[in-house]
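Protein sequence lines, in the order shown, are assigned to chains A and B.
Just remember that this note's numbering sits 83 ahead of the position in the first sequence, which is counted from 1.
Just remember that this note's numbering sits 473 ahead of the position in the second sequence, which is counted from 1.
Using N, Cα and C, we set each Cβ at its ideal position, and we do this for glycine too.
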Amino acid sequence: MTTTQSHAALTINADKVAHETIEDEVIIIHLETGTYYNLVDVGRDVWLGLEVGVPSQEIVKALSSAYGVAPELAGEAVEALLASLLAEEILVAADSSPASIEPFKLSDRTGCPFTTPELTIHTNMADLLMLDPIHDVDEQGWPSASPQDRAL
Amino acid sequence: MAECLTPGPSSVTPPLASAPAVSVILVVRNGAAYLAEALESLCRQSHTPAQVLVVDGHSSDSTVSVAESFPGVTVVQQEGMGLANARNQGLALARHPYVAFLDHDDRWLPGMLSLQLATLEQQPRLGYGLCHLRFISAHGEPIVPPANRAGASRRFPAVTPSGLVARRSLFDALGGFDPAYAIGCDAAWFTRARDAGIPSALLEDVLLEKRLHDTNLSNRSAINRSEMFRIAAASLARRRLPQSGNGGS
Chain A
84 MTTTQSHAAL TINADKVAHE TIEDEVIIIH LETGTYYNLV DVGRDVWLGL EVGVPSQEIV
144 KALSSAYGVA PELAGEAVEA LLASLLAEEI LVAADSSPAS IEPFKLSDRT GCPFTTPELT
204 IHTNMADLLM LDPIHDVDEQ GWPSASPQDR AL
Chain B
474 MAECLTPGPS SVTPPLASAP AVSVILVVRN GAAYLAEALE SLCRQSHTPA QVLVVDGHSS
534 DSTVSVAESF PGVTVVQQEG MGLANARNQG LALARHPYVA FLDHDDRWLP GMLSLQLATL
594 EQQPRLGYGL CHLRFISAHG EPIVPPANRA GASRRFPAVT PSGLVARRSL FDALGGFDPA
654 YAIGCDAAWF TRARDAGIPS ALLEDVLLEK RLHDTNLSNR SAINRSEMFR IAAASLARRR
714 LPQSGNGGS
């Protein structure tokens with residue numbers, strides 16, 4: 084767990100990624116490359132912890148408790164995932180540790196297999212995401228240009 | 474067909490052995506400021522479209538009169554709401570084997586239709602073709618987009634309806650634009666086509682000028698991001714990818 088502890092102060096790289104959870108699947112878009120990623124199951128649970136800013140040790144404890152697995156197993160899984168998230172610039176070192184750490188718990192995952200969380204990479208929308216549609220939507224559901232552009 | 478919409482000389486496009494008929498669909502709402510430029514760029518095409526449909530989304534400006542000033546252009550009023558609905562209405566009225574879209578604030582460069590159609594005619598397995606684009610300002614001047622928009626290059630794959638020429642039959646097979654997406658209906662369609670494995674061509678030529686507007690970034694980002702996440706989630710669901718690590722897709 085030595086290496087995991089070195090990742091204690093990690094934070095989501097909000098300058099470069101945006102993320103949403105849709106039907107228990109975490110989707111992360113890298114804003115500079117158009118690459119996107121997904122996390123499910125244990126990976127989603129790790130992300131829940133990262134979202135609220137708890138140290139990796141707390142995430143390991145929560146996983147171990149929720150899934151009923153040894154802390155060592157959970158620790159190795161978290162460590163590997165954090166390394167992938169760092170490599171993809173999804174996480175960065177936090178400037179400071181949180182002032183207070185709320186207890187982090189997961190709901191009971193009894194019956195759910197503890198699968199090694201993996202960060203899956205997708206590039207099939209990269210060009211679309213990088214082109215970045217450029218319009219607002221008006222009350223009629225149409226994209227609209229800026230007021231000065233609409234002026235005749 | 475409009476007088477302006479007649480074949481003109483082109484130094485960039487090889488002649489087609491035959492002249493495949495194409496319907497051009499231009500959807501617009503309150504776009505009078507740029508519509509004439511878009512239609513004039515149609516006039517400069519070396520391949521004359523057989524049908525030009527302007528679907529007007531109940532504009533309150535002079536969009537309709539601008540469109541009607543171009544002989545040969547058919548203007549129809551949108552029956553529903555939203556961008557996807559307008560595109561689909563145009564598709565329903567398109568009666569030729571090929572379909573192209575030109576957004577009202579974009580401009581085609583000469584050769585857009587002839588090069589794309591030649592490619593599709595020569596390669597029957599292709600469902601659609603795309604070209605490259607360059608960005609222009611609101612005033613029509615070439616600009617280099619912000620660094621976070623497709624890097625620092627000056628030309629980009631035009632994965633956007635204005636860069637698309639497709640077989641009409643492709644829309645029958647794949648479906649039209651999904652009105653569940655206000656902005657992302659175009660990205661959703663392209664993603665669906667890719668997920669379905671539709672063969673396509675990406676021409677190296679820059680044949681589209683796409684206008685960048687100054688917009689309210691907070692509103693745009695919120696809507697755009699939300700829809701892009703939904704499109705990505707839908708794509709993942711369709712492909713049912715195994716969670717197999719760093720397997721690029």
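Span of the alpha helix (DSSP H) around residue i
i                        : result
glutamate 162 of chain A : 154–170
glycine 602 of chain B   : Unbroken run through glycine 602 of chain B is the beta strand (DSSP E), 601–609; no alpha helix (DSSP H).
leucine 508 of chain B   : 505–516
glutamate 134 of chain A : 125–134
alanine 209 of chain A   : 209–214
Through-space distance from residue j to residue i, alpha-carbon basis
i                            : j                            : result
aspartate 668 of chain B     : proline 583 of chain B       : 31 Å
valine 537 of chain B        : tyrosine 601 of chain B      : 30 Å
leucine 512 of chain B       : threonine 547 of chain B     : 12 Å
serine 523 of chain B        : isoleucine 173 of chain A    : It is worth fixing the name first, because residue 523 of chain B is alanine in this sequence and not serine. Cα-Cα distance, rounded: 50 Å.
phenylalanine 650 of chain B : alanine 559 of chain B       : 9 Å
isoleucine 741 of chain B    : alanine 170 of chain A       : Because chain B here runs from 474 to 722, residue 741 of chain B falls outside it and cannot be looked at.
alanine 157 of chain A       : glutamate 201 of chain A     : 13 Å
alanine 101 of chain A       : isoleucine 112 of chain A    : 5 Å
alanine 509 of chain B       : leucine 499 of chain B       : 12 Å
leucine 599 of chain B       : tyrosine 507 of chain B      : 32 Å
glutamate 541 of chain B     : threonine 94 of chain A      : 56 Å
valine 143 of chain A        : aspartate 178 of chain A     : 22 Å
arginine 726 of chain B      : proline 570 of chain B       : For chain B, the structure presents residues 474 to 722; residue 726 of chain B sits outside this window and is missing.
isoleucine 105 of chain A    : glutamate 700 of chain B     : 11 Å
valine 152 of chain A        : phenylalanine 197 of chain A : 8 Å
valine 135 of chain A        : valine 549 of chain B        : 52 Å
glutamate 185 of chain A     : valine 109 of chain A        : 22 Å
valine 539 of chain B        : methionine 554 of chain B    : 21 Å
cysteine 604 of chain B      : glutamine 589 of chain B     : 8 Å
serine 635 of chain B        : arginine 502 of chain B      : 16 Å
asparagine 96 of chain A     : alanine 710 of chain B       : 26 Å
alanine 695 of chain B       : alanine 163 of chain A       : 32 Å
arginine 628 of chain B      : alanine 567 of chain B       : 30 Å
serine 190 of chain A        : alanine 145 of chain A       : 9 Å
phenylalanine 644 of chain B : phenylalanine 574 of chain B : 13 Å
arginine 713 of chain B      : asparagine 121 of chain A    : 12 Å
threonine 203 of chain A     : glycine 648 of chain B       : 29 Å
tyrosine 150 of chain A      : histidine 205 of chain A     : 28 Å
methionine 213 of chain A    : tyrosine 119 of chain A      : 11 Å
lysine 99 of chain A         : aspartate 107 of chain A     : 22 Å
Three-state secondary structure assigned by DSSP to residue i
i                            : result
glutamate 594 of chain B     : helix
tyrosine 654 of chain B      : coil
valine 143 of chain A        : helix
aspartate 645 of chain B     : helix
arginine 684 of chain B      : strand
leucine 564 of chain B       : helix
isoleucine 704 of chain B    : helix
glutamine 551 of chain B     : coil
glutamate 541 of chain B     : helix
alanine 639 of chain B       : strand
phenylalanine 629 of chain B : strand
serine 673 of chain B        : strand
asparagine 121 of chain A    : strand
proline 445 of chain B       : No statement about residue 445 of chain B is possible, as the shown extent of chain B runs from 474 to 722 and does not include it.
arginine 665 of chain B      : helix
aspartate 678 of chain B     : strand
isoleucine 112 of chain A    : strand
threonine 193 of chain A     : coil
isoleucine 616 of chain B    : coil
leucine 586 of chain B       : helix
arginine 580 of chain B      : strand
leucine 202 of chain A       : coil
CB contact below 8 Å: residue i versus chain D
i                      : result
leucine 133 of chain A : The chain inventory of the structure shown lacks chain D, comprising the protein chains A and B.
Residue range of the beta strand (DSSP E) that includes residue i
i                        : result
leucine 499 of chain B   : 495–501
alanine 573 of chain B   : 571–574
valine 416 of chain B    : Shown here, chain B extends from 474 to 722; a query on residue 416 of chain B therefore has no answer.
glutamate 103 of chain A : 100–105
valine 137 of chain A    : Unbroken run through valine 137 of chain A: none, as it is neither H nor E.
valine 253 of chain A    : Outside the displayed span of chain A (84 to 235) sits residue 253 of chain A, for which this structure offers no information.
threonine 94 of chain A  : 93–95
Proximity test, residue i beta-carbon vs the ligand GDP heavy atom, cut-off 7 Å
i                      : result
alanine 511 of chain B : Annotation note on the ligand GDP: not contained in the displayed structure, which lists no ligands.
Can you find at least 3 beta carbon pairs, one from the region 610–619 of chain B and one from the region 677–688 of chain B, that sit closer than 8 Å? Touching, yes.
Is there contact here, the region 645–665 of chain B with the region 701–709 of chain B, by at least three beta-carbon pairs under 8 Å? Touching, yes, given that three or more Cβ pairs across the two stretches are closer than 8 Å.
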